[in-house]
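Participant: This is the structure, below, for whatever I ask next.
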Amino acid sequence: MGNALVTLILVTVVMVSALGLVSGSVSALDMLAGSSKTMQDQFSERGRTSIICTSVDPSDDSVMVRVLNNGSVPLYQFDAWDVIVQYRDASGVQHGTWLPYRSVSAGANDWSVEAIYFEGSAEAVEPGALNPGEDVAIRFQLDPAIGPETTNLVTVATNTGVCAELVFQGEEV
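Numbering (my numbering), first residue to last: 628 to 800.
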């Protein structure tokens with residue numbers, strides 16, 4: 628009788644331990660499946676995202692970049708976009724600058740969205756979203772300023788990691 632009681636207790640302990648291990652494994656597999664789904668969704672969205680830098684207009688104190696959404700998904704979260712400028716100043720010193728986003732007018736060494744356009748007119752559908760076929764006007768100022776007649780590069784990257792870049796000349800003297 629004593630051996631049977633000890634055996635029953637040991638079998639119960641083994642069963643509870645096995646149940647805990649199975650429960651933990653199922654939970655881990657569920658988390659892994661959720662992460663895999665999120666990764667596939669992000670990969671799919673990245674595949675449907677495409678942008679092109681269509682023009683750069685450097686002026687005395689600021690630079691305007693036009694970026695066209697030629698993908699098939701609307702783009703949001705401008706605060707998660709990156710704008711990187713590689714340029715030479717008036718004395719010929721080369722700079723590589725990442726510019727942070729500002730929701731209000733850009734100051735020195737940051738950027739903001741000036742406007743979003745569809746075929747030259749201000750956007751009317753989903754204000755604040757860059758829908759397919761629309762282009763966004765990005766304005767930034769650099770300190771030190773871009774030198775005249777220098778060759779420079781601007782890179783714009785969306786929150787999904789899709790990039791576009793354009794080489795441009797500093798303002799003519």
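We put the CB at the ideal spot given by N, CA and C, even for glycine. Only a predicted model underlies this, so the values are computations on that prediction, with no experimental measurement involved.
1. Applying the criterion that 16 or more other CB atoms from any shown protein chain within 10 Å of the CB defines a buried residue, is Asn-630 buried or exposed?
2. Could you check what DSSP says for Val-694 in three-state terms: helix, strand or coil?
3. CB-CB under 8 Å to Thr-761, same chain, minus the five flanking residues each way: which ones, in chain order?
4. Select from Thr-778, Glu-753, His-722 the residue whose C-alpha is nearest the C-alpha of Pro-771.
5. What is the DSSP secondary structure of Thr-777, counted as helix, strand or coil?
6. Compute the distance between the beta-carbons of Ala-764 and Met-658, then report whether it is under 7 Å.
7. Given that a residue counts as buried once 16 or more other Cβ atoms are within 10 Å of its Cβ, and exposed if not, what is Leu-632?
8. Taking the alpha carbon of Glu-792 as the reference point, which residue from Ala-655, Met-642, Val-781, Ser-730 has its own alpha carbon closest?
9. According to DSSP, Leu-726 sits in a beta bridge with which residue or residues?
10. Compute the distance between the beta-carbons of Pro-701 and Ala-784, then report whether it is under 7 Å.
11. If you reduce the DSSP assignment to three classes, tell me which class Ala-631 lands in.
12. Could you check if Trp-725 is buried or exposed, using at least 16 other CB atoms within 10 Å of its CB as the buried criterion?
13. Let me check understanding here. Comparing Cα to Cα, which of Ala-660, Val-710, Gly-719, Leu-637 lies closest to Glu-776?
Facilitator: Taking the coordinates as given:
1. exposed
2. strand
3. One detail in the question is off: residue 761 reads as Glu in this sequence, not Thr. Closer than 8 Å at the Cβ level, and outside the excluded window around Glu-761, lie Leu-695, Asn-696, Ile-743, Tyr-744, Phe-745, Glu-750.
4. His-722
5. Three-state result, Thr-777: coil.
6. no
7. exposed
8. Val-781
9. Val-710
10. No.
11. helix
12. exposed
13. Gly-719
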